[in-house]
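A short write-up of the structure that comes next.
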Amino acid sequence: MELNHNYANSLVSKLLFAAIKKSYPEVEYSESQIYESLSAPPNLKMGQVAFPCFPLAKECKMAPPMIAKTIQENLENDASVEETKLAGPYLNFVLKKEALAKNIIGEISSGNFFTKELTKDTPKTMVEYSQPNTHKILHVGHMRNLCLGSALVNILRYSGQETISTTYPGDMGTHVAKCLWYLKYKNPDPVPVENRGAWLGQMYATANQLLEDEIGTPNEESNRKQLTEIIKQIENQNGEFYELWKETREWSIALMKQAYSWANVDFDRWFFESEVDEDSLKLMKDLQAKGILVEDQGAVGMRLDEYNLGFCILIKSDGTGMYSTKDVELARKKFEEFGIQKSIYVVDNRQAFHFNQVFKVLEIIGFEQAKDCFHLQYDVVELPDGAMSSRKGNIVPLMDLISNMEHTITTNYLEKYRGDWSDEEIDKVARQLAGGAIKYGMIRVDNNRKIVFNMEEWLKLDGETGPYLQYVYARINSLCHKFNYDSSAQVDFGKLTHDLEEALLVKLGNFNSIVVNCAKQLKTIHLTSYLFELGKLFNSYYAECSIGGADDEETKLARLALAYSVGEVMKKGLAILGIEAPARM
RNA sequence: GCAACCGUAGCUCAGCUGGAUAGAGUACUUGACUACGAAUCAAGUGGUCGCAGGUUCGAAUCCUGCCGGUUGCGCCA
């Protein structure tokens, strides 16, 4: 539940609540209902806050414009309100800029703005994201999941929701067997000393190709026998392949950790498939013994036809489990180990059917939390020539994207500082900007929309990108430094009279609401758009109004304070998206 | 066949819990650095919101049907 935390809207809803009570004593319209209904007029000349009177029309049995007029007549005077304006069915409020500035800039510079209680009674939530397979290539597709998941965790936490983050790597299954098979029987090359995780991914791709090529040849049957043996050894936890699995698995995990570290992502809990496999089968055998599961064509599972979810196989005819089997057990572990009330799965939309099945199975076997399990789906990342596939050989490995981006940024923008800045700083800023470009690019489009990844486009860094926003912060930081900004100095907020200053103040005041809205809708785009709009506004302001060269000292100080506030909000907003803002770039 | 998602400017996308004049980026044309950082800013060109109905004071937004595209739909994960 959202609390009233926006200064302007809280003020207006309080005044409106009293006026509505006075005008229509019989109508029930709570202060928080009013707060929620407030919107913004099309432009600031019409006011900063708009109250639409449509919702009241039915109960008051009166046309909205008349209601607006009646309410206006019953409004009490308030020192912070300049005037109210009737605009048809809307009642608009013009707040005094000075009051707006004093409150918003004051709260931002004191830091209180970012520590407000924004919501209450939110459920304890777990977010699972990043489910890469070991022994396979980590590619740009994984990046979308990682950026989205980590931003969402930050959004939920900022808005006051207790959130546990978790990752679920796939460290067993046929893909592992194929990779180990190739390593043992076919690979002629020595194991490299470095980057073994990436190398392993290539081994898998080669293995997959070779096995496919040998289908229909005399080798097919022996290959299959060898793969079965490998899988058996890993499951039974002994034999040379089990040892090889343990060793190679670590190479992939090291690569994952490297990627997570680059992305500044940290998980509260790592679940591995191998960790839930055995228990998941036990759980299913229990359920089977209780008669909850049925057998069908040799497999054991649950009939979900009445929910239009077909048959969910939980024990294959060879006695082993499926991915659904493990997901049921994993859910049980999450509920019991952490006592969560809500469980979010950030997984691409091809798994929609799978999760519907799993959630239904959980519900049927008696987990109440099943109704609060949510598959947050997103569309996949494709390349200009279609879906990524190892067969096509058109996979863009994650580390290629990262190093390409960092290299381009260094040569195009940072090389000019060489000698002036330390090499370490140049590398660090290149990493931060690459992070900004990649992360912002991954989460600025809606989850439901496919991303066609084009390396050249991504390297351009023009327009709506992470570095555009980082540049805003760097410029402000440089300004504050140059003019010795002091956050404790007295400021005459009456000096902020420009239209763009007002627009910036209103924008700044909306920050917390935007993040709460993102948390409610589990979306990142509202925040990315917001930050871009804030950045654009500031850049216009910067071009139009000289801050350092203001007419008088008071104006300069007031403008600096405003600029500083924009910088703080920008930095905070980017941080929520997982993006660092360098002090200079 | 069934289901989910997508269809808005040349291209990439916002706007979708109905509300004031449909917005950005990009591309293209033009202008602004002896300047608080030009990784920037300003201006212009560009739209039957896939199509057809319906709901109502009001629909890009909600409902129905159709068209086009993507992805799923029992022993891979």
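Going by this note's numbering, 430 is the number at position 430 of the first sequence; the sequence numbering is gapless.
Glycine included, every Cβ here is placed at the ideal spot set by N, Cα and C.
Note that this is a predicted model, so its numbers are computed, not measured.
Could you give the DSSP three-state label for residue i: helix, strand or coil?
i           : result
residue 377 : strand
residue 545 : coil
residue 361 : helix
residue 320 : coil
residue 129 : coil
residue 348 : strand
residue 267 : coil
residue 472 : helix
residue 367 : coil
residue 52  : strand
residue 20  : helix
residue 224 : helix
residue 464 : coil
residue 109 : helix
residue 487 : coil
residue 497 : coil
residue 580 : coil
residue 456 : helix
residue 331 : helix
Between which two residues does the beta strand (DSSP E) holding residue i run?
i           : result
residue 311 : 311-315
residue 95  : 90-95
residue 153 : Not the beta strand (DSSP E): residue 153 falls in the alpha helix (DSSP H), residues 140-158.
Can you name the start and end residues of the alpha helix (DSSP H) that residue i belongs to?
i           : result
residue 575 : 553-576
residue 1   : Counting along the chain, residue 1 falls outside any alpha helix (DSSP H), and DSSP gives it neither H nor E.
residue 390 : Looking at the DSSP string, residue 390 is not in any alpha helix (DSSP H), and its letter there is neither H nor E.
residue 281 : 273-289
residue 441 : 423-443
residue 201 : 196-213
residue 256 : 240-262
residue 408 : 398-409
residue 513 : 511-521
residue 306 : Neither: residue 306 is in no alpha helix (DSSP H) and is coded neither H nor E.
residue 550 : Counting along the chain, residue 550 falls outside any alpha helix (DSSP H), and DSSP gives it neither H nor E.
residue 70  : 64-73
residue 35  : 31-37
Between the options, which lies nearest to residue i when the distance is taken from Cα to Cα?
i           : options            : result
residue 554 : 126, 581, 491      : 491
residue 360 : 351, 91, 370       : 370
residue 576 : 8, 503, 153, 547   : 153
residue 395 : 336, 527, 201      : 201
residue 457 : 269, 73, 146, 438  : 438
residue 3   : 27, 22, 31, 23     : 31
residue 66  : 82, 90, 83         : 90
residue 501 : 115, 1, 560        : 560
residue 169 : 120, 99, 250, 106  : 250
residue 522 : 429, 375, 480, 569 : 375
residue 574 : 327, 471, 393      : 471
residue 483 : 558, 142, 397      : 558
residue 274 : 443, 173, 531, 132 : 173
Would residue i be called buried (16 or more neighbouring beta carbons within 10 Å of its own) or exposed?
i           : result
residue 406 : buried
residue 224 : exposed
residue 512 : buried
residue 110 : exposed
residue 289 : exposed
residue 238 : exposed
residue 411 : exposed
residue 342 : buried
residue 515 : buried
residue 6   : buried
residue 297 : exposed
residue 320 : exposed
residue 54  : exposed
residue 149 : buried
Residue i bridges to which residues according to DSSP?
i           : result
residue 177 : None, per the DSSP bridge assignment.
residue 451 : 381
residue 299 : 296
residue 170 : 133
residue 343 : 126, 373
residue 87  : 90
residue 165 : 127
residue 506 : DSSP, once it has assigned bridges, lists no residue as partnering residue 506.
residue 614 : Examination of residue 614 is not possible in this model, given that the chain is present from 1 through 585 alone.
residue 418 : 421
residue 524 : Partner(s): none; residue 524 has no beta bridge.
residue 115 : Its beta-bridge partners do not exist; DSSP assigns none.
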